[in-house]
Amino acid sequence: MATLLGFTVPAPGAAVATYLVPGTSIKLTLAREVAPLLLGLARDFDREVEELIPGQCGGFNPRRIAGTSSWSRHAIGAAVDLNWLVHPQGRRNTFTPSQRAKIRAILGRYSHNGVKIIRWGGDYSRPDDMHFEINVSRTAAIAAAKALQGSGKPAGGPKPGSRTLRIGAVGPDVAFLQRWVGAKDDGRFGPATQDRVRRYQRIVGVPVTGVVDARTWDKILGR
1 MATLLGFTVP
11 APGAAVATYL
21 VPGTSIKLTL
31 AREVAPLLLG
41 LARDFDREVE
51 ELIPGQCGGF
61 NPRRIAGTSS
71 WSRHAIGAAV
81 DLNWLVHPQG
91 RRNTFTPSQR
101 AKIRAILGRY
111 SHNGVKIIRW
121 GGDYSRPDDM
131 HFEINVSRTA
141 AIAAAKALQG
151 SGKPAGGPKP
161 GSRTLRIGAV
171 GPDVAFLQRW
181 VGAKDDGRFG
191 PATQDRVRRY
201 QRIVGVPVTG
211 VVDARTWDKI
221 LGR
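Residue numbering for the sequence shown follows the UniProt record's numbering, beginning at 1 and increasing consecutively.
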C-alpha cells in the first residue's frame, strides 16, 4: 500500500469529507484528520487576501503531479488550490506585495512546536500561487490540527457539539461556532451570529432556524 507523508495514497473514500469554508459558500474535499488546518487557511485567505471564487477552488483529487510519476498531495486530501484562474501555475507574482505579505502572515499562524505546517506554491521554483499544501508528516499534521481545534473540553465551557446553541448562549463553543460560520468570535451568541448560522444552514441544506442543533453540529463537525 503506497503512502505519502504517512497517509494512504490515493486516500480511500472514508478518509476524506467535504466541508464548507467558514463564512463562505465554497466547499472543499479534504482529509478528515487535517481538514481544520486547510479550512482555517482558506477562511483566512478569504477574509484577508481576496474573496474565494466559486468554481475556482478545490482540494482532494486522486492524481499524480503533472508530468511525473509522483503522487500529488491533492491525492491524500492534504492540499488546496484557491482561485486557480486568477493565480495559474507557472505565472509569478499574481498577488500584490501586500497580498503576499498577508499570505506569509497567515502561514505563520499554522505552526506547531515551532514548525510551519503548510507551505505555499508561490515559493516554488516554478510558481504555483494558487497552491497550499501540508508539508509535515501525518502524525505532526494531526497534532497541529488537534492543537488548533483544542483537544477535549475547552477551558471554562462545554465541548463544541455537546449542546444546542441559540441567542443568549456564551462560551468557547460559541466562539468555535462563530469562527466556523464567519461571525466575530467573541463567544456570545447574538443576532449577528444567528444571521450567520441561518446563512450556513441554507448552504448546507438543514432547517434554517438560527439554532445550532444536532443536525447543524453534524455538518460543522463532519459527524
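Glycine included, C-beta positions come from ideal geometry on N, C-alpha and C.
Note that this is a predicted model, so its numbers are computed, not measured.
Rank the options by C-alpha distance to the C-alpha of residue i and give the top, closest one.
| i | options | result |
| --- | --- | --- |
| phenylalanine 132 | Gly168, Trp84, Arg138 and Pro158 | Trp84 |
| glycine 58 | Arg92, Thr18 and Asn93 | Thr18 |
| leucine 52 | Thr24, Pro36, Pro62 and Val34 | Thr24 |
| isoleucine 220 | Gly190, Gly161 and Gly90 | Gly161 |
| isoleucine 26 | Ala35, Val49 and Gly55 | Gly55 |
| proline 36 | Val208, Asp213 and Ala143 | Ala143 |
| threonine 94 | Pro62, Gly121, Thr139 and Phe176 | Gly121 |
Look at residue i and residue j and say whether their C-beta atoms are less than 8 Å apart.
| i | j | result |
| --- | --- | --- |
| leucine 82 | phenylalanine 45 | yes |
| residue 229 | phenylalanine 60 | This structure does not reach residue 229, given that the chain is present from 1 up to 223, and the question cannot be answered. |
| asparagine 135 | arginine 109 | no |
In this structure, how does DSSP classify residue i when only helix, strand and coil are distinguished?
| i | result |
| --- | --- |
| isoleucine 118 | strand |
| lysine 27 | strand |
| aspartate 81 | strand |
| proline 154 | Any reading at proline 154 must be qualified, since the residue scores a pLDDT of 43, below 50, and its modelled position is unreliable; the value itself is stated next. Note: proline 154 maps to coil in three-state DSSP. |
| leucine 5 | coil |
| alanine 175 | helix |
| arginine 126 | coil |
| tyrosine 110 | coil |
| valine 197 | helix |
| alanine 17 | strand |
Return yes when at least one heavy atom of the ligand GDP lies under 7 Å from the C-beta of residue i, else no.
| i | result |
| --- | --- |
| valine 212 | The ligand GDP is not among the ligands present in this structure, which contains no ligands whatsoever. |
(request) Examine the Cβ distances between the segment 175 to 183 and the segment 192 to 207 and report whether three or more of them are shorter than 8 Å. (result) A contact exists between the segment 175 to 183 and the segment 192 to 207.
(message) For the segment 108 to 126 against the segment 139 to 151, do three or more pairs of beta-carbon atoms, one drawn from each stretch, fall closer than 8 Å, so that the two count as touching?
(response) Result yes; three or more Cβ-Cβ pairs closer than 8 Å.
(request) Output the residue ranges of the beta strand (DSSP E) runs that lie fully inside the segment 26 to 74 and measure 3 residues or longer, sorted by chain position. (result) For the segment 26 to 74, whole beta strand (DSSP E) runs of length 3 or above, ordered along the chain, are 27 to 31.
(request) Tell me, please, whether the segment 65 to 82 touches the segment 4 to 17 by the rule of three or more beta-carbon pairs shorter than 8 Å. (result) The segment 65 to 82 vs the segment 4 to 17: in contact.
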